[in-house]
Amino acid sequence: MLEIKNLHVKLEEEDKAILKGVDLTVEAGKVHAIMGPNGSGKSTLAYVLSGRDGYEVTEGTISLEGEELLDMEPEERAAAGLFLAFQYPVEIPGVGNMTFLRTAVNAQRKARGEPEMSSGDFLKLIRAKAKDLKIEPDMLKRPVNVGFSGGEKKRNEILQMAMLEPRMCVLDETDSGLDVDAMKLVADGVNALRDANRGFLVITHYQRLLDHIKPDVVHIMSDGRIIKSGGPELALEVEQNGYADILAEVQA
Amino acid sequence: MSAPAVAKTRAARREAKLAATAARLENHPLPQGGGWLGRARVAALARLKGMGLPERRDEYWRFTNPARLADDAVTPAALFDASDEVDEFDGIDRLKLVFVDGVFDAQASDDLALEGIEIARLAEAGGRDIHWAQDLYGALEAEGQSPVERPLAARNSAYARDGVLIRVSAKPSKPVSLIYRRSSPEGAAVLHHVIRLEPGAELTLLENGPAAARYSIDIEACIADGAALHHVRAQGRDHERSGITHVFARLGEGSVFKSFTLSANGAVLRNEAVVWLNGKGGSAHIAGAAMGDGAFHHDDTVFVTHAAPDCESRQVFKKVLRNGAVGVFQGKILVDQIAQLTDGYQISQSLLLDETSQFLAKPELEIYADDVKCSHGSTSGEIDADQLFYLRARGLPLDDAQGLLVLAFLAEALEEIDSNELADDMRHRLEGWVNRHRR
Ligand SMILES: Nc1ncnc2c1ncn2[C@@H]1O[C@H](COP(=O)(O)OP(=O)(O)OP(=O)(O)O)[C@@H](O)[C@H]1O
Ligand SMILES: [Mg+2]
Chain A
823 MLEIKNLHVK LEEEDKAILK GVDLTVEAGK VHAIMGPNGS GKSTLAYVLS
873 GRDGYEVTEG TISLEGEELL DMEPEERAAA GLFLAFQYPV EIPGVGNMTF
923 LRTAVNAQRK ARGEPEMSSG DFLKLIRAKA KDLKIEPDML KRPVNVGFSG
973 GEKKRNEILQ MAMLEPRMCV LDETDSGLDV DAMKLVADGV NALRDANRGF
1023 LVITHYQRLL DHIKPDVVHI MSDGRIIKSG GPELALEVEQ NGYADILAEV
1073 QA
Chain B
30 MSAPAVAKTR AARREAKLAA TAARLENHPL PQGGGWLGRA RVAALARLKG
80 MGLPERRDEY WRFTNPARLA DDAVTPAALF DASDEVDEFD GIDRLKLVFV
130 DGVFDAQASD DLALEGIEIA RLAEAGGRDI HWAQDLYGAL EAEGQSPVER
180 PLAARNSAYA RDGVLIRVSA KPSKPVSLIY RRSSPEGAAV LHHVIRLEPG
230 AELTLLENGP AAARYSIDIE ACIADGAALH HVRAQGRDHE RSGITHVFAR
280 LGEGSVFKSF TLSANGAVLR NEAVVWLNGK GGSAHIAGAA MGDGAFHHDD
330 TVFVTHAAPD CESRQVFKKV LRNGAVGVFQ GKILVDQIAQ LTDGYQISQS
380 LLLDETSQFL AKPELEIYAD DVKCSHGSTS GEIDADQLFY LRARGLPLDD
430 AQGLLVLAFL AEALEEIDSN ELADDMRHRL EGWVNRHRR
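Residue numbers (my numbering), protein chains in the order written: chain A, 823 to 1074; chain B, 30 to 468.
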């Protein structure tokens, strides 16, 4: 599904390498988790996947279902099925949440040559999905993320994911800032989308999310590289001992 | 240079300006028509001669060159085909008064009959005794000459050939719309409207279109206690047009004045609003959305005086500028000593879609009362890169994402329109413009 090969990324504006050779393959139907110390490059990887400005790929390739992602604009990547749940969802005053989502759904459909969703169908769908995530109808009418609490913003990201039904979902710390109940809702939202054709890349600092979203593979990222990969037990190890042991082990 | 020398130069300059103005006006006799209107014209002409026509070096014209608005020669403007857009408030049930090239067209207009309202044509008013208009015509304009001179307003009062006098004594069932059409790429139109709202009366006044290649349109509105005037106008899309408008509004106790202006395209446009809150508890909202792409110079100049306690005023101006377009905002809130508990707000913002466009703003507060709440802000910015990326990451093509953000930027000004129907009409036009003016 998603294949990242030897990815090297530096900042466009300065000579600072952030990703230093990332190799990662997420197969359809699988959930991969990435953990790693602050500043190790996890969000950078997520941004580079989705095509944000400001980074320069100096080496390597990324492909999504065989298509070269790096040649595409952000909106083309979205239409190709890539979704990023932002670590810091952006507030957009003046743009209604619902209008935004309808525009997004239909823009992706158009790009894929599919017919637009009627407003009736859209309304029905979004109401149901919002209800699942305990998102108040009022939040759908408000401007995108404006005045939303931290947890509401994260749930709103998952609502968008549920509406857009992407093939490859990248979640950047969607669990941070969530209370226990909200974490469960978000995990349920993710689990509802799990199927044989969809891949997940879940960036997190905490084992707790992975209790709800059982990962198939856990990767540890440090200083721009994936230094260790393993099964779900790797996350438990991090939870218990932190990164020191793993870092030492790799350096040895 | 010593101070007396400066003073002398200034006096000499003013003398030269007045002499030049007097000489120019020699060639421009006042329109025919006597009675009270003739007298008002003579008085306005005297005011104009006492001020002189505006020049670039005048402080109030620092950001906008008045030449194109003040010169004797009128710069032509090609006729614009705006038929791709319903833009004469056609979808709205209203009384329609049509002016073609600045002259009232009875044939194209509805009957001047609507319950609760009296309407007279300015061009026919001079000889008639229209007591409710004749002490207003030119009077608010004259009052508006201080503390800042507005010579082009005096010129309008002196030379206006047509317009309407409207007296509202109740709440008419529908808006009155002034529809300006032009048939010639050349020429100027000078229109002057007087509106009197009796206590408790309400009127929605709509204006649409550019009246000529160059237009000067003034409104004097006297809004009595408890009355409300809602004013929504769109000034057309013709690119080379130039125009100056003045709205003078005097508000009584507990009265309301809300004015919204949409300006798209145009070479040199200036809209001045002069508002006095003279009675306790009055409320004035002046708002505008302006969009320019290329040779566009748009100036909003607003002066709100709080002369009574407990009044509220808002100024909300938004401009979207690209390809060398220039936006100007000069806005002032003056709070007299008596005007305690004033709530004054002013925001002027521009969205610069490229580096060649510019926004010049001069926000001013002058406050003599001690218990007031006044805030003002002016910003000039580009499209937010994070917002743009967020929208694109959800699948919106760059142009759509940009368009959505431009409309979001303008939305705050639209909120100043009370009527949903009218706000939708304006939003529709904004969307049209944004969609037509993509990168
Ligand atoms: N635009 C930028 N300008 C300057 N430095 C940047 C920029 N983007 C990323 N960096 C730097 O790159 C490194 C990796 O940042 P990144 O946000 O990817 O880390 P992270 O693993 O997501 O951290 P966290 O766990 O704190 O979210 C950090 O040192 C960060 O300061
Ligand atoms: Mg991060």
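Just so it is clear, CB atoms sit at the ideal spot from N, CA and C, and this is done for glycine as well.
Quick caveat, the model's predicted, so the values are computed rather than measured.
Chain-ordered chain B contacts of residue i [CB-CB under 8 angstroms]
i                : result
Gln982 (chain A) : Arg423
Leu906 (chain A) : Ala422
Arg874 (chain A) : Phe418 and Ala422
Thr925 (chain A) : Leu425, Asp429 and Leu433
Classification of residue i by the beta-carbon crowding that lies within 10 angstroms, buried from 16 upward
i                 : result
Ile826 (chain A)  : buried
Arg196 (chain B)  : buried
Asp1003 (chain A) : exposed
Pro338 (chain B)  : buried
Glu1055 (chain A) : exposed
Ala52 (chain B)   : exposed
Arg42 (chain B)   : exposed
His57 (chain B)   : exposed
Ala929 (chain A)  : buried
Leu220 (chain B)  : buried
Leu451 (chain B)  : buried
Asp1067 (chain A) : exposed
Rounded straight-line distance, which links the Cα of residue j to that of residue i
i                 : j                 : result
Ser404 (chain B)  : Ala49 (chain B)   : 41 angstroms
Ala242 (chain B)  : Ala106 (chain B)  : 5 angstroms
Glu236 (chain B)  : Ala257 (chain B)  : 17 angstroms
Ala171 (chain B)  : Ala187 (chain B)  : 11 angstroms
Gly310 (chain B)  : Arg351 (chain B)  : 40 angstroms
Tyr1028 (chain A) : Leu829 (chain A)  : 25 angstroms
Lys838 (chain A)  : Lys287 (chain B)  : 54 angstroms
Gly238 (chain B)  : Gly120 (chain B)  : 16 angstroms
Gly918 (chain A)  : Leu382 (chain B)  : 22 angstroms
Leu433 (chain B)  : Gly935 (chain A)  : 22 angstroms
Lys203 (chain B)  : Thr925 (chain A)  : 35 angstroms
Met455 (chain B)  : Leu443 (chain B)  : 8 angstroms
Asp943 (chain A)  : Gln1073 (chain A) : 55 angstroms
Per-residue contacts from residue i into chain B (C-beta, under 7 angstroms)
i                : result
Glu835 (chain A) : Ordered by position in chain B, no residue passes the 7 angstroms Cβ test against Glu835 (chain A), which lies about 13 angstroms from the chain.
Pro896 (chain A) : Phe418, Arg421 and Ala422
Ala929 (chain A) : Gly424, Leu425, Pro426 and Asp429
Arg989 (chain A) : Those within 7 angstroms of Arg989 (chain A) in chain B number zero; the least Cβ separation is about 13 angstroms.
Thr866 (chain A) : What Thr866 (chain A) touches in chain B: nothing, since even the nearest Cβ is about 14 angstroms away.
Val912 (chain A) : Asp415, Gln416 and Tyr419
Sequence-distant residues of the same chain with beta carbon closer than 6 angstroms to residue i, five excluded per side
i                : result
Val357 (chain B) : Phe92, Thr93, Asp328 and Leu389
Ala217 (chain B) : Val103, Ala241 and Arg243
Val968 (chain A) : Glu913 and Pro915
Asp139 (chain B) : Leu124 and Lys125
Gly373 (chain B) : Ser342, Ile362 and Cys403
Val401 (chain B) : Val364 and Thr371
Val435 (chain B) : Val349 and Val463
Leu417 (chain B) : Ala430
Proximal residues of chain A, C-beta to C-beta of residue i below 8 angstroms
i                : result
Leu427 (chain B) : Glu895 and Glu897
Ala414 (chain B) : Asp875
Leu380 (chain B) : Within 8 angstroms Cβ-Cβ: nothing; Leu380 (chain B) doesn't reach chain A, min ~11 angstroms.
Own chain partners of residue i with C-beta closer than 7 angstroms, once the 5 adjacent residues on each side are dropped
i                : result
Gly173 (chain B) : Arg179, Ala182, Phe277 and Val303
Met30 (chain B)  : Residue placement at Met30 (chain B) is poorly supported in this model, since its pLDDT is 47, which falls under 50; the coordinates still yield a value, given next. Excluding positions up to five away in sequence, the list is empty.
Arg458 (chain B) : Glu114, Asp116, Ala263 and Leu291
Arg468 (chain B) : Asp428
Chain-order list of residues whose beta-carbon lies under 8 angstroms from that of residue i (same chain, five-residue window excluded)
i                : result
Ala96 (chain B)  : Arg85
Glu144 (chain B) : Ala199, Pro201 and Ser202
Interface partners of residue i on chain B, CB under 9 angstroms
i                : result
Ala933 (chain A) : Gly424 and Pro426
Val831 (chain A) : The contacting residues do not exist; Val831 (chain A) stays about 16 angstroms from chain B at best.
Ala900 (chain A) : Arg421, Ala422, Arg423, Gly424 and Leu425
Chain A contact residues for residue i, given Cβ-Cβ distances below 7 angstroms
i                : result
Phe438 (chain B) : Gly916
Ala442 (chain B) : The premise fails here: Ala442 (chain B) is roughly 11 angstroms from chain A at the closest Cβ pair, so nothing lies under 7 angstroms.
Residue i: CB within 7 angstroms of a non-hydrogen atom of ligand 4
i                : result
Ser865 (chain A) : Ligand 4 is absent from the structure shown, which contains only ligand 1 and ligand 2.
Are at least three pairs of beta-carbons, each pair with one atom in the segment 136-151 of chain B and one in the segment 241-254 of chain B, less than 8 angstroms apart?
no
Would you say the segment 194-208 of chain B touches the segment 314-333 of chain B, given that touching needs at least three Cβ pairs under 8 angstroms?
Too few Cβ pairs lie closer than 8 angstroms, so no.
Given 8 angstroms as the limit, is there contact between the segment 1015-1028 of chain A and the segment 855-862 of chain A, that is, 3 or more CB pairs closer than that?
yes
With a threshold of 8 angstroms, are at least 3 pairs of Cβ atoms found where one atom belongs to the segment 894-912 of chain A and the other to the segment 973-983 of chain A?
yes
Validate contact between the segment 864-872 of chain A and the segment 986-995 of chain A using beta carbons, cut 8 angstroms, 3 pairs
yes
Is it a yes or a no for the segment 889-909 of chain A touching the segment 63-73 of chain B, going by three-plus beta-carbon pairs under 8 angstroms?
no
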